[in-house]
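Take 105 as the starting number for the sequence shown in my numbering and just add one per residue.
Glycine is no exception: its CB is placed at the ideal position from the N, C-alpha and C atoms.
Shown next, in structure tokens, is the structure this report addresses.
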Amino acid sequence: MEIDHFERGLTVDFAVRYIMVDCTSVAQKAQQRHNLTGAAPRLCAEGILASYLLASQIKGEEKLTIQILSQKPKMSFMSDINANGELRAKLSPTTFPETTTELDGVLVVIKHNKQKELYRGVTNIEHSNIAQALHHNLTQSAQVDTIVQFFVLQKGNSIHRAVGIILERLPPTEDLPFLTSEEFFTKYADLTTKEVCQSLAERKLRNENLHDLLSKPISWKCRCSRAKVKSMLFSLGRKELEEIKQEIGYAEVTCHFCNEQVLIENDELQELIDQHTKK
Numbered sequence: 105m106e107i108d109h110f111e112r113g114l115t116v117d118f119a120v121r122y123i124m125v126d127c128t129s130v131a132q133k134a135q136q137r138h139n140l141t142g143a144a145p146r147l148c149a150e151g152i153l154a155s156y157l158l159a160s161q162i163k164g165e166e167k168l169t170i171q172i173l174s175q176k177p178k179m180s181f182m183s184d185i186n187a188n189g190e191l192r193a194k195l196s197p198t199t200f201p202e203t204t205t206e207l208d209g210v211l212v213v214i215k216h217n218k219q220k221e222l223y224r225g226v227t228n229i230e231h232s233n234i235a236q237a238l239h240h241n242l243t244q245s246a247q248v249d250t251i252v253q254f255f256v257l258q259k260g261n262s263i264h265r266a267v268g269i270i271l272e273r274l275p276p277t278e279d280l281p282f283l284t285s286e287e288f289f290t291k292y293a294d295l296t297t298k299e300v301c302q303s304l305a306e307r308k309l310r311n312e313n314l315h316d317l318l319s320k321p322i323s324w325k326c327r328c329s330r331a332k333v334k335s336m337l338f339s340l341g342r343k344e345l346e347e348i349k350q351e352i353g354y355a356e357v358t359c360h361f362c363n364e365q366v367l368i369e370n371d372e373l374q375e376l377i378d379q380h381t382k383k
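Next comes the structure, spelled out in structure tokens:
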């Protein structure tokens with residue numbers, strides 16, 4: 105099985121910057137975790153592609169949170185991604201008519217670390233798909249010639265391929281060859297799924313070598329844990345914990361990102377209550 109991965113670099117003539125991602129396995133994991141049906145698997149895969157492509161510049165302890173909020177149709181997508189390429193995502197509702205493509209709403213991009221929010225950007229989505237929304241986000245901030253293409257192959261409710269690419273035309277310099285705007289779009293605007301997949305595998309694009317600056321594996325990873333659930337329950341306070349213990353006898357928490365259920369038994373609730381007593 106191929107490993108999902110992300111690449112960033114330049115064409116060999118340094119005229120075009122590229123970002124490519126294959127997140128097929130991550131998209132499959134999201135579909136399975138949330139039991140997505142209809143157009144939902146594809147929409148979620150497109151949201152994941154946008155997340156990885158937007159996260160190309162984060163580093164260290166930085167993280168990116170992506171939200172796509174649509175009013176028509178009613179839809180909410182959210183993802184968290186770190187600099188190691190570890191992502192978790194959710195989409196609701198879990199099913200849409202298969203003809204669903206265009207959205208009306210906003211794309212919200214939040215960069216943050218453990219201490220604070222570093223950046224927040226909001227892009228309107230008007231009768232657009234997610235790739236078009238991402239293109240609008242990039243061009244309104246960078247204002248350079250840009251091509252964004254997503255290729256998502258869905259059969260039934262399963263994702264068989266999810267790849268995406270961003271190409272940006274670099275400004276002309278005296279020392280290096282460059283493409284005019286017309287040449288750039290003529291050369292790259294009609295890329296196919298097969299070509300992008302081959303580019304990821306062979307480091308070539310339209311028969312030209314690619315200069316790879318960064319390549320790394322990416323994966324699905326949810327950061328929920330039993331310890332975090334117990335910490336959350338502890339924060340409810342002694343009184344509420346005692347009520348839960350008396351009325352239900354246990355606490356069951358479901359992570360909204362991965363749908364994993366964590367069961368905190370009666371004796372564990374008592375341990376949390378005792379910790380409050382010792383304070």
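With a threshold of 16 other beta carbon atoms within 10 Å, Gly-353 falls short and is exposed. Straight-line spacing of the CA atoms in Phe-338 and Ala-305 works out to 49 Å.
In the DSSP assignment, Pro-321 falls within the unbroken beta strand (DSSP E) covering 312 to 321.
About 12 Å separates the beta carbons of Ile-263 and Thr-141, which is beyond the 8 Å limit, so they are not a contact pair.
For Leu-153, the closest C-alpha among the options Gly-164, Asp-126 and Lys-163 is that of Asp-126. Sequence-distant Cβ neighbours of Ile-322 in its own chain, meaning closer than 8 Å and more than five residues away, are Asp-108, His-109, Phe-110, Val-125, Cys-127, Val-130, Tyr-156, Gly-189, Glu-190 and Leu-191. Collapsing the DSSP output to three states places Phe-338 in a helix. DSSP, read as helix, strand or coil, puts His-216 in strand. The beta carbons of Arg-146 and Gln-258 sit about 5 Å from each other, so the pair counts as a contact at 8 Å. Per DSSP, Gly-260 lies in no beta strand (DSSP E) and is assigned neither H nor E. Distances from the CA of His-360 to each of Lys-215, Phe-181 and Arg-112 were compared; the closest alpha carbon is that of Phe-181. Residue state for Ala-355 is assigned as strand, using DSSP reduced to three classes. The C-beta separation of Gln-135 from Asn-261 comes to about 7 Å, placing the pair in contact by the 8 Å criterion. If you draw a straight line from the Cα of Val-213 to the Cα of Ser-160, it is about 13 Å long. With contacts defined as CB atoms closer than 9 Å, Ala-119 and Leu-283 qualify as a contacting pair. Under the DSSP assignment, Ala-193 falls in the beta strand (DSSP E) whose first and last residues are 190 to 196. The shortest CA-to-CA distance from Glu-356 to any of Ile-377, Phe-288, Val-333 and Glu-347 is the one to Val-333.
Burial of Gly-209 is indicated by the presence of at least 16 other C-beta atoms within 10 angstroms of its C-beta.
The alpha-carbon separation between Leu-158 and Leu-207 amounts to approximately 19 Å. In terms of CA proximity to Leu-345, Glu-369 leads the group Cys-362, Lys-325, Glu-369 and Trp-324. Counting only residues of its own chain and dropping the five nearest sequence neighbours on each side, Asp-249 has a CB closer than 8 Å to the CB of Glu-272, Arg-273, Ser-285, Phe-288 and Phe-289. Taken through DSSP and simplified to helix, strand or coil, Thr-277 comes out as coil. Each residue's CA atom was taken as its position, placing Ala-331 and Glu-202 some 39 Å apart. A straight-line Cα-Cα distance of about 23 Å links Lys-215 and Ser-196.
Going by beta carbons, Gly-341 and His-315 fall outside the 9 Å limit.
In the same chain as Arg-307, and ignoring 5 residues on each side of it, the C-beta atoms closer than 7 Å to its own belong to Asn-313, Leu-314 and Asp-316, in chain order. Distances from the alpha-carbon of Lys-194 to those of Ala-187, Thr-205, Lys-176 and Gln-171 put Gln-171 closest. For the 9 Å CB-CB criterion, Val-252 and Arg-265 do not form a contact.
A residue is called buried once 16 or more other Cβ atoms fall within 10 Å of its Cβ, and Lys-178, having fewer, is exposed.
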